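**Student:** Sending over a structure as structure tokens; questions will come in a sec.
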């Protein structure tokens with residue numbers, strides 16, 4: 002009985018992730034989630050209470066899934082800083098490419114002014130990632146490569162923007178550029194370009 006309940010809960014969460022990522026919190030309907038999951042909607046209220054509680058649960062799960070995958074970047078701490086930057090960019094692109102629901106949910110949350118975002122509910126701290134980027138800056142400084150104007154927070158924000166925005170603007174950019182930007186070769190080109198850009202910014206700063 003317990004296994005069946007856990008399976009039902011998982012099916013509801015998966016269906017909810019799809020519905021909320023497609024339509025956002027306001028547009029999503031509990032009836033549609035129930036239909037997607039193949040359950041009576043009363044079960045949804047039984048497990049999660051209400052639509053808002055269900056959305057928050059889904060958002061935390063999806064955000065934490067990304068954050069936990071992101072922790073893999075720490076396995077490259079012994080590489081030179083250029084390699085670490087490239088690995089970070091590769092990981093960000095790969096995750097966004099393989100998890101379109103994450104991209105859409107973050108977009109919806111930003112459109113809603115982060116109404117349901119509560120950093121205290123998230124299990125993984127971004128402070129660890131920032132510390133890791135600060136070490137990159139320190140290593141570049143030790144090699145005499147760092148521009149004095151470089152700030153680790155700005156480097157991290159630029160990295161996130163360059164990776165995430167590629168996927169948030171995919172449909173319009175594909176039309177403007179005239180090619181399918183989801184093709185593997187196009188993504189590899191973009192990974193290289195973003196990596197080169199970040200390294201140039203780190204090493205040359207305001208001269209870029």
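Residue numbers (this note's numbering): 2 to 209.
All residues carry an ideal CB built from backbone N, CA and C; glycine is no exception.
A quick note: this is a predicted structure, and the numbers were derived from the prediction, not measured.
1. Using DSSP with H/G/I as helix, E/B as strand and the rest coil, what is residue 209?
2. Going by C-alpha distance, which of 41, 19 and 79 is nearest residue 56?
3. If you scan the stretch 13-60 from start to end, which runs of the alpha helix (DSSP H) of 4 or more residues do you find wholly inside it?
4. Once you ignore the five residues that flank residue 53 on each side, which residues in its own chain have a CB closer than 6 angstroms to its CB?
5. According to DSSP, is residue 128 part of a helix, a strand, or is it coil?
6. Rank 155, 106, 145 and 69 by C-alpha distance to the C-alpha of residue 169 and give the top, closest one.
7. Tell me where the alpha helix (DSSP H) around residue 182 begins and ends.
8. In whole angstroms, give me the CA-to-CA distance for residue 130 and residue 204.
9. For a minimum of 3 consecutive residues, which ranges assigned as the beta strand (DSSP E) are wholly contained in the stretch 51-111?
10. Going by CA-CA distance only, name the one from 115, 108 and 197 that's closest to residue 24.
11. Are the CB atoms of residue 60 and residue 118 within a distance shorter than 9 angstroms?
12. Give the range of the alpha helix (DSSP H) segment to which residue 153 is assigned.
13. Considering only the beta carbon of each residue, do residue 97 and residue 165 sit closer than 9 angstroms?
**Tutor:** Straight from the coordinates:
1. Stepping through the chain shown from its first residue, residue 209 is reached at position 208. Only weak support exists for where residue 209 lies, its pLDDT of 46 falling under 50; the coordinates are left without a value.
2. Looking up residue 56 in the chain shown gives position 55. Nearest option by C-alpha distance: 19.
3. 31-38 and 42-49
4. As a position in the chain shown, residue 53 is number 52, starting the count at 1. None.
5. Taking the chain shown and counting its residues from 1, the one referred to as residue 128 is at position 127. Helix at residue 128.
6. Residue numbering aside, residue 169 sits at position 168 when the chain shown is read from its first letter. Comparing Cα-Cα distances from residue 169 to each of 155, 106, 145 and 69, the minimum goes to 106.
7. The count along the chain shown starts at 1 and reaches residue 182 at position 181. Note, residue 182: premise wrong, no alpha helix (DSSP H); not H, not E.
8. Indexing the chain shown from 1 puts residue 130 at position 129. Indexing the chain shown from 1 puts residue 204 at position 203. Between residue 130 and residue 204, the C-alpha separation is close to 20 angstroms.
9. none
10. One-based indexing of the chain shown puts residue 24 at position 23. With distances taken between Cα atoms, residue 24 lies closest to 108.
11. Here residue 118 refers to the residue found at position 117 of the chain shown. Here residue 60 refers to the residue found at position 59 of the chain shown. Yes, the pair counts as a contact, with Cβ atoms nearer than the cut-off.
12. In the chain shown, counting from the first residue as 1, residue 153 sits at position 152. Unbroken alpha helix (DSSP H) run through residue 153: 153-169.
13. The count along the chain shown starts at 1 and reaches residue 97 at position 96. The count along the chain shown starts at 1 and reaches residue 165 at position 164. Going by C-beta atoms, residue 97 is nearer than 9 angstroms to residue 165.
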